[in-house]
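Step one of this worksheet: look at the structure below.
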Amino acid sequence: MPANLSARLYSLLLSLFLIAFALPAFAGPFEDAVAKFANDDYSDTEEAIGVVASSGNPLAFPIISALQDGRLMADPDSKKVYVTGADGKSIDAATGQPVASVPDSASAVRLNNRLRRSVDAAVGGLTLMSPDVTTRIQAAQSVFKSHEESALDAVNTALAKETNKTAKAALGDARAAIILFKPDATEVEKLEAVATIKAHGDQEALAMLTGMGDQPASVTKAAASAIASIQSSLALWSTVQNAWYGLSLGSVLLLAAIGLAITFGVMGVINMAHGEMVMIGAYTTFVVQEVIRTRYPGLFDYSLLIAAPLAFLVAGALGVVIERSIIRFLYGRPLETLLATWGLSLVLQQAVRTMFGPTNREVGNPSWMSGAFELGQITITYNRLWILVFTLAVFAILLAMLRYTALGLEMRAVTQNRRMAASMGIATSRVDALTFGLGSGIAGIAGVALSQIDNVSPNLGQSYIIDSFMVVVFGGVGNLWGTLVGAFTLGIANKFLEPVAGAVLGKIAILVLIILFIQKRPRGLFALKGRAVEA
Amino acid sequence: MHSKSTHDIAARFSRRGVLAATAGLMLGLASISGAKAADDTIKVGVLHSLSGTMAISETTLKDTILFLIDEQNKKGGVLGKKLEAVVVDPASDWPRFAEKARELITKDKVAVVFGCWTSVSRKSVLPVFKELNNILFYPVQYEGEESERNVFYTGAAPNQQAIPAVDYLMKDEKVKRWVLAGTDYVYPRTTNKILEAYLKSKGVAQEDIMINYTPFGHSDWQTIVADIKKFGSAGKKTAVVSTINGDANVPFYKELGNQGIKAKDIPVVAFSVGEEELAGIDTKPLLGHLAAWNYFQSIKSPENEKFIKAWQTYTKNPKRVTNDPMEAHVIGFDMWVKAVEKVKSTDPDKVIDALPGIEAKNLTGGTSKMLPNHHITKPVFIGEIKANGQFDVVWKTPGLVAGDAWSKELDGSKDLIGDWVGKKCGNFNTKTNKCLGSGS
């Protein structure tokens, strides 16, 4: 395609021409500014950012974006500054000439929060015309945040050329934000700006309108009504948000309690070591991730999927061992079981402490579990969303297992009437061991998920044991559906109480409510009926 | 300072000590030095939890003292005698701290004790140290409002950590709106009381201060982080001052990262997050959040480099991190050795009188001094979290700051001073010229 080729050549020549002429023209101040990056002084760096960003020099963008990513290297001795590329090649920041290697004495230019804000604003101003739509939208958003007056011309030019709808809207918001803070903008312009920002409608818009300072009376009035309307819409959203947080907390409670619903709920064993099974699941995740990190780094995103069955097996096997070696001698003696499992939990904690050390272990989030997305005016974090999905899946599988498999049938038979089940030929002691193993294994799976939101330390289990018992007792001992409803009820109640009463009082209030509830209905929400209760 | 979650049942049962002791005997006490007392050694007590919830922080401090004793013995010990460590495990159980302290002093006849982390554990051993007249070196930053004859506080008082941090945010980040978030117990409550009074004295309005407390080990931060976001959107620069206890920090920072709160929008300055705590988190989303301490591992000084190298060799772990309370023990240990050598005796009365005025090099290139109120002078650093879990110092006080036993910001304590040299009193009222008696 000769036309295309010649166009490219032409633009290449043009840019070379521009560089050739632009460089000498700006050489003095630009080079001085670049050299300031080597001073390792925050005020000098800030000055340098300002000069470089507004220089119009084609090197400005590579320099500023390198600074943002920590790729801008400065040598304090020679005062030379280098841009290192992602490909490992480097150029001299002042001249743009390639260099063979960056000297060892050079280190990345340091930033603090104030500088990071100026860098973001500068990058925003410089990338408004980027060929990539997402970059342009991000640029417009960062201009919106910084609303520097100097960016107005760039925004206007970009706005005139923009064809993408979202990018255009973002640029419009950015323009409105600048005008709102521009002292010499006319009243009409400002009123328009207030309307645009009102339509933007989120917390940032609210921040902008409340913090805009002295304005003409009509603008202040328009802003006040805009603030009121944004606030009322945000208040509505905050109810939705509380409900979501409640569901999310409920899913964590359910996940932690679901294994206990088997060991305590179905079998009646007061299992104080339940939390430690959760912890062991979390440590299994840690070990899996360690192996993946050192041997197969490409598999990191699948680490949780690999860890889940392993955690089930490890914790389940341990559960079977515990049942065979301790619990089976203590059936029908709840106090002794309580003390023995409590002691066991301490032994397990200390064993993990000796093996892995007392400090927290780092369990990473796979990329699909990091970050958040916006739904209307609420932020939904991916890790919470996946935990909710995961919990419901575990619950469904468990329910299906109890309902449709032979083992599930035997478990229900043994818990409902042990002697009858035994005389029908079911090996009750084998079923006991497997049931306890199943409950422990599910606790292990819970540990895999909880490692994503909590500390992986020997104390992990302790923080869940009380909540787990609370959920099972509240929901009704021996009833999985009760555990489900109980967990979500407590989660949502907690999250609606928390903004009003605070986290500490909220938790106390929940405990008091449960105590009162248990007085009224000692068997929980969904009490088992029939002869099983008497057994 | 932080008392980690006792989780109620844990405390109740381990207090009875039946099973806890069994578990402890099986695993925890393995490290206790069983060496028989020899007359030519000076015994040093180490009172740090090696099991239970506090083991996460205190185990390192036990190792630090063992390391320091080892180094000192290589240099020939003290007064021509070798030092011998007596390690006990109070198992994160506050009453047990008092029991174990009594055991160290009466049974093992130690000359000095290095120990405690939480304020509640310090308060529980205080009567023992007073009654049996021995010395405790306390290495953790705490809420102040105390000066005892038998205790030497080598960690930071609020004016050596909290106040300079707030000053930094006010001046450098131009923060106008403040969230004081803490775990619900004595250290955060007292610190926040002091900070609130300080902020108001600087003209910050009541509606620009949000105070929030959470239970121990709080792990569901969604609502609070959303609240902080909302509070921060009032058009004024907002910062969070966090006295959140170690264990609850990981989920807190994870939630901040996930909800997209960046340090450049709402910075969080923490008083209990150090290199050890960060070792358990992916620090990339935390870039730029701040911590205020008197020591950072990343500080470049010949003393620090030498110490880190020796420590990593001693622990045989080239990645082992150092932190602020460790440095406090280094300073405290050095001061005690110097005081003992000065009076040529380990007699507690003589050493207590000799300690004020003793100077010891800190690891950041300065010289700390023991003050008459039994606190020390320290530099204050503000560090930003870097991607590798270390801190980049962005600000420091020009000189060393003298620790105030009694806060100048609180009405109840602004006239009080601790002076164990001239006045022989821990809470001397300078207005009425009277000693109030007990020092806490």
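Protein chains in written order, with the numbering used here: chain A, 27 to 561; chain B, 160 to 599. The beta-carbon is built from N, C-alpha and C at its ideal position, and this holds for glycine as well.
{"Query": "Where does B/ARG336 sit, in a helix, a strand or coil, going by DSSP?", "Result": "strand"}
{"Query": "Please go through the same chain and pick out, in chain order, the residues whose beta-carbon is closer than 7 angstroms to the beta-carbon of A/GLY96, but skip the five residues on each side of it.", "Result": "ALA134"}
{"Query": "Am I right that A/ILE288 and A/GLY465 are in contact with their C-beta atoms under 8 angstroms? What's the rounded C-beta distance?", "Result": "3 angstroms"}
{"Query": "Is it right to say A/TRP270 is buried, meaning 16 or more other beta carbons lie within 10 angstroms of its own, or is it exposed?", "Result": "buried"}
{"Query": "B/VAL553 touches chain A at which residues, Cβ-Cβ below 7 angstroms?", "Result": "ASN138"}
{"Query": "With 16 as the cutoff for other CB atoms within 10 Å, does A/MET446 come out buried or exposed?", "Result": "exposed"}
{"Query": "Can you have a look at A/ARG547 and say buried or exposed, based on whether 16 or more other CB atoms are within 10 angstroms of its CB?", "Result": "exposed"}
{"Query": "In chain A, which residues lie with their C-beta within 8 angstroms of the C-beta of B/VAL409?", "Result": "ASN386, ASP480, ASN481"}
{"Query": "Comparing C-alpha positions only, which one of A/GLN94, A/TRP263, A/ALA119 sits nearest to A/ALA59?", "Result": "A/ALA119"}
{"Query": "Can you have a look at B/GLN365 and say buried or exposed, based on whether 16 or more other CB atoms are within 10 angstroms of its CB?", "Result": "exposed"}
{"Query": "Given this structure, state the Cα-to-Cα distance separating A/TRP412 from A/GLN123, to the nearest angstrom.", "Result": "49 angstroms"}
{"Query": "For B/GLU518, name the three-state secondary structure that DSSP assigns.", "Result": "strand"}
{"Query": "Which residues mark the beginning and the end of the beta strand (DSSP E) in which B/TRP452 is found?", "Result": "449-452"}
{"Query": "In chain order, what residues of the same chain have a beta carbon less than 7 angstroms from the beta carbon of A/LEU425, not counting five sequence neighbours either side?", "Result": "LEU506"}
{"Query": "Who are the neighbours of B/TYR372 on chain A, taking C-beta pairs under 8 angstroms?", "Result": "GLY528, ALA529, VAL530"}
{"Query": "Relative to the alpha-carbon of A/ILE423, which residue among A/LEU281, A/ILE536, A/SER494 has its alpha-carbon at the smallest distance?", "Result": "A/LEU281"}
{"Query": "Would you say B/THR505 lies against chain A (beta-carbon separation less than 9 angstroms)?", "Result": "no"}
{"Query": "Please list the terminal residues of the continuous beta strand (DSSP E) segment that includes B/ASN588.", "Result": "584-588"}
{"Query": "When we look at the beta-carbon of A/LEU260 and count the other beta-carbons within 10 Å, is it buried (16 or more) or exposed?", "Result": "buried"}
{"Query": "Checking the sheet assignment: what are the DSSP bridge partners for B/VAL603?", "Result": "Here chain B covers residues 160 to 599 and nothing more, so residue 603 of chain B does not appear."}
{"Query": "Helix, strand or coil: how does DSSP classify B/ASP578 here?", "Result": "strand"}
{"Query": "How would you list, in chain order, the residues of chain A whose beta-carbon sits under 9 angstroms from the beta-carbon of B/LEU488?", "Result": "Checking the sequence, you will find His at residue 488 of chain B rather than Leu. In chain order: nothing, as chain A lies at least about 17 angstroms away."}
{"Query": "Look up B/TRP565 in the DSSP assignment and say whether it is helix, strand or coil.", "Result": "coil"}
{"Query": "In terms of residues, what are the limits of the alpha helix (DSSP H) holding B/VAL237?", "Result": "Note, B/VAL237: premise wrong, no alpha helix (DSSP H); not H, not E."}
{"Query": "From the DSSP output, in three-state form, read off A/TYR328 for me.", "Result": "helix"}
{"Query": "By the criterion of Cβ-Cβ separation under 7 angstroms, what are the contact partners of B/THR472 in chain A?", "Result": "Chain A residues near B/THR472: none, gap ~18 angstroms exceeds 7 angstroms."}
{"Query": "Do A/LEU414 and A/SER329 count as a contact pair if the criterion is CB distance below 9 angstroms?", "Result": "no"}
{"Query": "Quick one: grab the DSSP three-state call for B/GLY211.", "Result": "coil"}
{"Query": "DSSP puts B/ILE535 in a beta bridge; with which residues?", "Result": "B/MET529"}
{"Query": "Whole angstroms is fine: what's the gap from A/GLU302's alpha carbon to B/THR402's?", "Result": "28 angstroms"}
{"Query": "Nearest to A/PHE63 by CA position, among A/ASN520, A/VAL145, A/PRO84, is which residue?", "Result": "A/VAL145"}
{"Query": "Under the rule that 16 or more other beta-carbon atoms within 10 Å means buried, what is A/GLN257, buried or exposed?", "Result": "exposed"}
{"Query": "What residue does the beta strand (DSSP E) around B/ASN371 start on, and which one ends it?", "Result": "368-373"}
{"Query": "Can you tell me whether B/SER306 is buried or exposed, with buried defined as 16 or more other CB within 10 angstroms of its CB?", "Result": "buried"}
{"Query": "Should A/MET450 be labelled buried (16 or more other beta-carbon atoms within 10 Å of its own) or exposed?", "Result": "exposed"}
{"Query": "Which residue marks the beginning of the beta strand (DSSP E) containing B/GLY542, and which one marks its end?", "Result": "540-544"}
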